[in-house]
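Asker:
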Amino acid sequence: MSLTLKKPALPSDDKRWRIVNGTMRRHGFSRDALIETLHTVQESFGFLDKPSIRFVAESLRVPPSQAYGVATFYHLFTLKPPGKHCCLICLGTACYIKGAPALLAAAEESLGIRPGETTPDANTSLTTARCIGSCSLAPAVVFDGETLGNADPSTLRQHLEGWHSA
Amino acid sequence: MNTEELEQLAKDAQAAQHQSPRSLNVCLAAGCLTLHSEAVKGALDAEVKRTGAGCRVRGVGCMGLCSLGPLVTSEPGDSLYKKVGSTDAPEIVAATEASPVSRLLCSREQPFFQHQVNIVLENSGRIDPERIDEYIAVSGYQALLHCLTELTPTQIVQEISKSGLRGRGGAGYPTGLKWGTVAKSIGANKYVVCNADEGDPGAFMDRSVLESDPHRVLEGMILAAYAVGANRGYIYVRAEYPLAVKRLTTAIREARRLGFLGIQICNTQFSFDIEIRIGGGAFVCGEETALIASIEGKRGTPRPRPPYPAQAGLWEMPTLINNVETFANVPAILRRGADWFAAIGTAKSKGTKVFALSGKVRNVGLIEVPMGMTVRQIIFEIGGGVPEGRKFKAVQTGGPSGGCIPEQFLDLRVDYESLKEVGSIMGSGGMIVMDDSACMVNVAQYFMEFCMSESCGKCIPCRAGTAQMFELLTRMTKGTATLRDLELLEELCDMVSNTSLCGLGQSAPNPVLSTLHYFRDEYLEHIEQKRCRAGVCPCSTTPSAPQKVSQ
């Protein structure tokens, strides 16, 4: 009887699964690589869906419940596909004191969605952060990875409308 | 690597710098990068190439005064330029051979720089964080080599104890005592963990240290590992800090290349290696037992202590967990001696503390001051006071676990004990200044919302208590609360702080308690008159809200 456990088959022949497998291999398929692997899945695919969580769980021999628990516990993991663009509003204390609530209200009104949601046309996702550490530029907004400091509601609206017309 | 080789490396690096003494240093830490300092560096590079000026352009770490970025320094002379744009490049490059560009000059003589004492930040803004030779040129890894070859682990623990260094993560536990406990614990493996999960909103000290001088943290960790007998280390960094992760990765690779990490470090029998673990955006993971669970690949939920991680931590093995800033202090202490360090600061709090000064204050940025400086000096001299002619109201320290310090305590000397006495904590070092446009009930509600959504849900007092407190505070901001609600809030504060499992829940009521203590009249105004004097809360926009009586 062989003691080697069979590795699960890749969910699809998408090349990105090789990157995911690479992360697990680098950690010797040990169970504590769960979070690292989920990070890689999210970086590669943009979000975690059930087949990918199941695949990672089986590969690392952790119960699917634990993998799902981890995926839902950490704020950074998302189970929904993100929009084409992402607008992140920092709600750290410095930003909050300097007017982040007004920015959030403007973004919600302009996009018609709440934080954590994506517009129905899958164009823009709106998210908030606890603190991005750019307190010297408060209030800060991140548009697709680019931080805008000293933001005000009108420039925020312009930016969001620019995405929509593009 | 032996002492002679290290000295040779340092000499080589210094000689290279002397060969072309003129250099332009561009801040490439997060604050200035956001203001496009990378483009400024590109423009300076191009200009130097075009004119053939014999001057180096280097990317360095944070220079502190983030609100005036992008910052550039010009050597020799150490002129500091503020708000530099790409179009300023020709003038700045030309000025390296003449007098500085007065239009962009930022005085080093101002209190912001004069009142600081730099230990942790001594290399920040002066060396290229991505080059190990620059760290070695400023005596980097000297302490490590000296300790590995001349001191026993016990002597190192004694030296750290003697220095009086206390944990910079917030609680202020004596570092030497912690190291001693781990050193004495018995286990097949021991681990050293660096807590870089800087979750407090308004705090960016650890981020700056990691981005500006990563080798310093590594050296501190290696020394700690030698002192406690560990051979594996982890740095747990927030995923929100991609640049810090990148620079740490480079630093670890470079340190391995020169044999400061890996098997038989510096030709001794001691082996140690470090791995980076990236967090998942959970505030509770800053709590040490939750952090351990997260490194093990589990949900970041805390567990009861004892046993403390020093006895049974990562994989039930003795584990030393210290904050970034604590580790960053270690090389300086072991290089310059415990007595030198103990001479700085107050009787019970030694050394310096790095603060991230932000909010309604003129000079926003990163500062390092000796323990015992007054809050007034920090905010009004270093920080330059409150802008726009507004009035100072309070300063928030310690994030969601801390409190608000009102005006009457401006002359308080900052150290672990005195901050605790007035209802706040040292915390990791965020200092957010608030002026009279801030409403204290609103601020308390903001922090309670934070704790409510960051509660991991394991213990009921924290999970349910924070939600109930948030609900009560929301009622107050809406002008629908009664005096009975205020009583209930106070009862809940007491219950949650005394019965929660971990530090998050135990300290969650602090922002409410401190604002209630110093700004009770504001709470009463919200309840009795449905009025918010700062005009922030919803109740102030509907002054005619009908009085709702629930009794």
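Chains E and H, in that order, give the protein sequences.
Counting in our numbering, the first sequence runs from 2 upward without gaps.
Counting in our numbering, the second sequence runs from 2 upward without gaps.
C-beta: ideal position from N, C-alpha, C; glycine also.
1) Going by DSSP, what residues sit across from D436 (chain H) in a beta bridge?
2) Work out the CA separation of A106 (chain E) and D153 (chain E) for me, nearest whole Å.
3) Mind checking which residues open and close the alpha helix (DSSP H) that includes A72 (chain E)?
4) Just the Cα atoms here: how many angstroms apart are C96 (chain E) and V442 (chain H)?
5) According to DSSP, simplified to helix, strand and coil, what is N268 (chain H)?
6) Within the continuous alpha helix (DSSP H) that includes K179 (chain H), where are the two ends?
7) Comparing the C-beta of H165 (chain E) with each C-beta of chain H, is any distance below 7 Å?
8) From the DSSP output, in three-state form, read off C88 (chain E) for me.
9) Between A95 (chain E) and chain H, is the shortest Cβ-Cβ distance under 7 Å, so that the two count as touching?
10) Given a cut-off of 7 Å, decide if I161 (chain H) and C148 (chain H) are closer than it, judged by their beta-carbon atoms.
11) Output, in chain order, the set of chain E residues within a Cβ distance shorter than 9 Å of V365 (chain H).
12) Within the stretch 423-476 of chain H, note down every full alpha helix (DSSP H) run reaching 4 residues or more, in order along the chain.
13) Would you call the CB atoms of G366 (chain H) and S137 (chain E) closer than 7 Å?
14) With respect to the beta strand (DSSP E) encompassing I277 (chain H), which residues constitute its N-terminal and C-terminal limits?
15) How many Å lie between Q579 (chain H) and V194 (chain H) at the Cα?
16) Along chain H, in chain order, which residues have C-beta atoms closer than 9 Å to that of F78 (chain E)?
17) Buried or exposed: which applies to S350 (chain H), given that a residue is buried once 16 or more other Cβ atoms fall within 10 Å of its Cβ?
18) What does Y447 (chain H) touch in chain E if you count any residue whose Cβ is under 7 Å from its own?
19) Taking C-beta to C-beta, are F356 (chain H) and P401 (chain H) nearer than 7 Å?
20) May I ask which residues mark the beginning and end of the alpha helix (DSSP H) holding Y192 (chain H)?
21) Using CA atoms only, rank isn't needed, just tell me which of H:V73, H:M206, H:P112, H:V229 is closest to G386 (chain H).
22) Please decide whether T119 (chain E) counts as near chain H, where near means a Cβ-Cβ distance under 7 Å.
23) Using DSSP bridges, identify the partner residues of Y235 (chain H).
24) What does A240 (chain H) reach in chain E if we use C-beta pairs closer than 8 Å?
25) Could you give the uninterrupted runs of the alpha helix (DSSP H) lying entirely in the stretch 301-379 of chain H, keeping only those of 4 residues or more?
26) Measuring straight from C-alpha to C-alpha, what distance separates A103 (chain E) and C91 (chain E)?
27) Can a CB atom of chain H be found closer than 7 Å to the CB of R17 (chain E)?
28) What are the residues of the stretch 277-310 of chain H that lie near chain E, defined by any Cβ-Cβ distance shorter than 9 Å?
29) Alpha carbon to alpha carbon, how far is S419 (chain H) from K8 (chain E)? Give it in angstroms, no decimals.
30) Determine the direct distance from the alpha carbon of F451 (chain H) to that of C88 (chain E), and round the result to whole angstroms.
31) Assuming contact is defined by CB atoms lying nearer than 7 Å, are A245 (chain H) and E212 (chain H) in contact in what I supplied?
32) Does any residue of chain E bring its CB to less than 7 Å from the CB of P202 (chain H)?
33) Is the distance from the Cβ of G126 (chain H) to the Cβ of V229 (chain H) below 7 Å?
34) Using a beta-carbon distance below 7 Å, is F205 (chain H) in contact with chain E?
35) For G281 (chain H), which option in H:I461, H:T302, H:L411 has the closest C-alpha, if you only look at C-alpha atoms?
36) Could you check what DSSP says for V57 (chain E) in three-state terms: helix, strand or coil?
Answerer: Taking the structure as given:
1) Translated into the one-based positions of the second sequence, residue 436 (chain H) becomes position 435. Bridge partners of D436 (chain H): H:F393.
2) As a position in the first sequence, residue 153 (chain E) is number 152, starting the count at 1. As a position in the first sequence, residue 106 (chain E) is number 105, starting the count at 1. Looking at the two C-alpha atoms, the distance is approximately 11 Å.
3) Translated into the one-based positions of the first sequence, residue 72 (chain E) becomes position 71. Element bounds for A72 (chain E): 65-74.
4) In the first sequence, counting from the first residue as 1, residue 96 (chain E) sits at position 95. In the second sequence, counting from the first residue as 1, residue 442 (chain H) sits at position 441. Taking the straight line joining both Cα atoms gives about 17 Å.
5) For the purposes of this step, residue 268 (chain H) is identified with residue 267 of the second sequence, where counting begins at 1. Helix.
6) Mapped onto the second sequence, residue 179 (chain H) falls at position 178. Taken as a continuous stretch (DSSP letters only), the alpha helix (DSSP H) holding K179 (chain H) covers 176-185.
7) On the first sequence, residue 165 (chain E) is found 164 positions in, with the first residue counted as 1. No, H165 (chain E) lies away from the interface with chain H (no Cβ there is under 7 Å from its Cβ).
8) Translated into the one-based positions of the first sequence, residue 88 (chain E) becomes position 87. The answer is strand: DSSP assigns C88 (chain E) an E or B state.
9) The sequence position of residue 95 (chain E) within the first sequence is 94, counting from 1. Chain H contact via Cβ: present.
10) For the purposes of this step, residue 148 (chain H) is taken as the residue at position 147 of the second sequence. For the purposes of this step, residue 161 (chain H) is taken as the residue at position 160 of the second sequence. No, the pair does not count as a contact, with Cβ atoms beyond the cut-off.
11) Along the second sequence, read from residue 1 onward, the residue named residue 365 (chain H) stands at position 364. Simply A95, C136, S137, L138, A139.
12) 441-455
13) Taking the second sequence and counting its residues from 1, the one referred to as residue 366 (chain H) is at position 365. Taking the first sequence and counting its residues from 1, the one referred to as residue 137 (chain E) is at position 136. Taking 7 Å as the Cβ cut-off, G366 (chain H) and S137 (chain E) qualify as a contacting pair.
14) In the second sequence, the residue the question calls residue 277 (chain H) occupies position 276. I277 (chain H) -> beta strand (DSSP E) spans 274-279.
15) Limits of chain H in this structure are 2 at one end and 552 at the other, which puts residue 579 (chain H) out of reach.
16) Residue 78 (chain E) sits at position 77 when you count from the first residue of the first sequence. Within 9 Å Cβ-Cβ: G281, G282.
17) As a first step, residue 350 (chain H) is located in the second sequence; it is residue number 349 there, counting from the start. When all chains shown are included, S350 (chain H) counts as buried.
18) By one-based count along the second sequence, residue 447 (chain H) stands at place 446. Per Cβ cutoff of 7 Å: Y97.
19) Taking the second sequence and counting its residues from 1, the one referred to as residue 356 (chain H) is at position 355. Taking the second sequence and counting its residues from 1, the one referred to as residue 401 (chain H) is at position 400. Not a contact, by the Cβ cut-off of 7 Å.
20) In the second sequence, the residue the question calls residue 192 (chain H) occupies position 191. No alpha helix (DSSP H) contains Y192 (chain H), which is instead part of the beta strand (DSSP E) from 192-197.
21) Residue 386 (chain H) sits at position 385 when you count from the first residue of the second sequence. Among H:V73, H:M206, H:P112, H:V229, the Cα nearest to that of G386 (chain H) belongs to H:P112.
22) What you label residue 119 (chain E) is simply residue 118 of the first sequence in a count that begins at 1. No, T119 (chain E) lies away from the interface with chain H (no Cβ there is under 7 Å from its Cβ).
23) The sequence position of residue 235 (chain H) within the second sequence is 234, counting from 1. H:V194, H:E276, per the DSSP bridge assignment.
24) Position 239 of the second sequence, counted from the start, is the residue given in the question as residue 240 (chain H). Within 8 Å Cβ-Cβ: H40, L77.
25) 325-337, 339-343
26) Reading the first sequence from its first residue, position 102 is the one you call residue 103 (chain E). Reading the first sequence from its first residue, position 90 is the one you call residue 91 (chain E). Taking the straight line from one Cα to the other gives about 12 Å.
27) Within the first sequence, the letter at position 16 stands for residue 17 (chain E). By this cut-off, R17 (chain E) is not an interface position.
28) R278, I279, G280, G281, G282, A283, F284, C286, S295, I296, E297, G298, K299, R300, G301, T302
29) Here residue 8 (chain E) corresponds to residue number 7 of the first sequence, with the count starting at 1. Here residue 419 (chain H) corresponds to residue number 418 of the second sequence, with the count starting at 1. Cα-Cα distance, rounded: 58 Å.
30) As a working mapping, residue 88 (chain E) is identified with position 87 in the first sequence. As a working mapping, residue 451 (chain H) is identified with position 450 in the second sequence. Distance between the alpha carbons of C88 (chain E) and F451 (chain H) is about 20 Å.
31) As a working mapping, residue 245 (chain H) is identified with position 244 in the second sequence. As a working mapping, residue 212 (chain H) is identified with position 211 in the second sequence. Against a cut-off of 7 Å, the Cβ pair of E212 (chain H) and A245 (chain H) comes out as a contact.
32) Numbered from 1 along the second sequence, position 201 holds the residue referred to as residue 202 (chain H). Chain E, which has a Cβ nearer than 7 Å to the Cβ of P202 (chain H), makes this yes.
33) Start at 1 with the first residue of the second sequence, and residue 126 (chain H) comes out as number 125. Start at 1 with the first residue of the second sequence, and residue 229 (chain H) comes out as number 228. The answer is no: Cβ separation not under 7 Å.
34) On the second sequence, residue 205 (chain H) is found 204 positions in, with the first residue counted as 1. Chain E contact via Cβ: present.
35) Here residue 281 (chain H) corresponds to residue number 280 of the second sequence, with the count starting at 1. Among H:I461, H:T302, H:L411, the Cα nearest to that of G281 (chain H) belongs to H:T302.
36) Locating residue 57 (chain E) in the first sequence gives position 56, counting from the first residue. Helix.
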